[in-house]
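Worksheet for the structure shown next.
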Amino acid sequence: MTAKIIDGKKIAAEIRASVKRETVLLKEKGITPGLAVVLVGDDPASKVYVGQKEKGCLEAGFASFLHKLPGTATQKELLALIDQLNGDGAVHGILVQLPLPPQIDPDTILAAIKPEKDVDGFHPVNMGRLVAGLPASEPCTPKGIMRLLKSTGIPLAGKNAVIVGRSNIVGKPVALMLLAESATVTVCHSKTEDLAGHVRRADILVAAVGRPRFITADMVKEGAVVIDVGINRLDEGLVGDVDFGPASEKASWITPVPGGVGPMTIAMLLENTLEQAKKLVK
Ligand code: NDP
1068 MTAKIIDGKK IAAEIRASVK RETVLLKEKG ITPGLAVVLV GDDPASKVYV
1118 GQKEKGCLEA GFASFLHKLP GTATQKELLA LIDQLNGDGA VHGILVQLPL
1168 PPQIDPDTIL AAIKPEKDVD GFHPVNMGRL VAGLPASEPC TPKGIMRLLK
1218 STGIPLAGKN AVIVGRSNIV GKPVALMLLA ESATVTVCHS KTEDLAGHVR
1268 RADILVAAVG RPRFITADMV KEGAVVIDVG INRLDEGLVG DVDFGPASEK
1318 ASWITPVPGG VGPMTIAMLL ENTLEQAKKL VK
């Protein structure tokens, strides 16, 4: 079997175009969706991510508010900024770019964002709502992964879904979202025994490990849908957590790296911000 490609770039572009169309309508009602992005310090990768988010906002017709604090900023200073953004009516979404410098506790910061403005979906209230199956601001990368899975048209209910990786930003929320779709979910991590055995049973496989080509073709079940979240920078360029070429010969659907999950994250961030702004329409 040669896998069909799940084209995240194309799907993300369609979502962005739809967000842009809805933004035009919202602006006619006097509401401009606004996203505040907070960058602390000058981590090069963070700067790139923040730049992409700002560009995405402007393309969608949003107001973009970039707040840069020096790497020496204190937790108190950052909390004061968040407090100000929480109360700012022009700001519908607040995103604090991680990682933060060591003097600042990320959990304290994420918990200080108003849950309604938490467009990254990392606030404990939104995480809790996700666990309880209640409507929540959902974390962007997992939400994007679910969109990619749904784009294949393959029913998820009853399928064996295996997620490799249990981080709060990818693995755990994806597990909850797949469970909400009635998949039978297994979450693997660094202490998992017989990881290959678990992965081989996966009808739906989500790899979020951060190790280049960690999932080899012999671990992929014939006909599986494979979502590769990994972004690994090698001299040859970006590669995923899945050995793409050989795995494509066994999977029915697969995401490439780059051009799979990556482009979905910002599209979902824009969608989450738009959703928050739309709630203000009387
Ligand atoms: P983390 O480092 O937070 O988590 C990695 C997970 O992989 C952990 O749960 C860890 O297990 C598990 N793991 C590590 N080594 C092994 C192993 N040998 N066997 C089994 N499990 C293992 O990473 P993230 O979840 O933040 O990110 C994962 C990947 O996804 C990265 O490449 C990252 O760059 C990418 N990513 C891409 C995004 C996008 O496309 N927009 C967004 C976010 C992430 P344990 O918990 O036991 O340590």
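First residue of the sequence shown? That's 1068 in my numbering, and the numbers climb one at a time after it. Glycine included, C-beta positions come from ideal geometry on N, C-alpha and C. Remember, predicted model here, so these are calculated numbers, not experimental data.
The C-alpha of Ser1131 is placed about 7 Å away from the C-alpha of Leu1125. Going by beta carbons, Ala1291 and Asp1270 fall inside the 8 Å limit. For Ala1242 and Lys1120, the gap between their C-alpha atoms comes out near 26 Å.
It is roughly 35 Å from the alpha-carbon of Lys1317 to the alpha-carbon of Gly1123.
Scanning Gly1101, Thr1259 and Gly1118 for the CA closest to the CA of Gly1128 turns up Gly1101. Nearest to Leu1136 by alpha-carbon distance, out of Gly1108, Leu1146 and Val1287, is Gly1108.
By the neighbour-count definition (other C-beta atoms within 10 Å, threshold 16), Met1068 is an exposed residue. Along the length of the region 1188-1264, whole beta strand (DSSP E) runs at least 3 residues long occupy 1227-1231 and 1251-1255, reported in chain order.
At a cut-off of 7 Å, the beta-carbon of Ala1275 counts as near the ligand NDP: some heavy atom of the ligand is closer than that. Taking 8 Å as the cut-off, the Cβ atoms of Ile1294 and Ala1314 do not count as close. Residues of the same chain with a CB within less than 7 Å of the CB of Pro1206, apart from the 5 flanking positions on each side, are Asp1187, Gly1188, Phe1189, Ile1236 and Pro1240 in chain order.
For Lys1181, the three-state secondary structure derived from DSSP is coil. Taken from the Cβ of Lys1258, at least one heavy atom of the ligand NDP lies inside 7 Å.
Scanning Ser1319, Ala1103 and Ile1230 for the CA closest to the CA of Asp1308 turns up Ile1230. Ala1103 carries a strand assignment under DSSP once its states are collapsed to helix, strand and coil. Here Val1091 has Gly1128 as same chain residues with Cβ atoms under 8 Å from its own Cβ, once five neighbours each way along the sequence are excluded.
Under the three-pair Cβ rule at 8 Å, the region 1211-1228 does not count as touching the region 1167-1181. A direct Cα-Cα distance of roughly 22 Å separates Lys1143 from Val1192. The beta carbon of Arg1267 sits closer than 7 Å to the beta carbons of Met1286 and Lys1288 from its chain, once the five residues preceding and following it are set aside; these are given in chain order.
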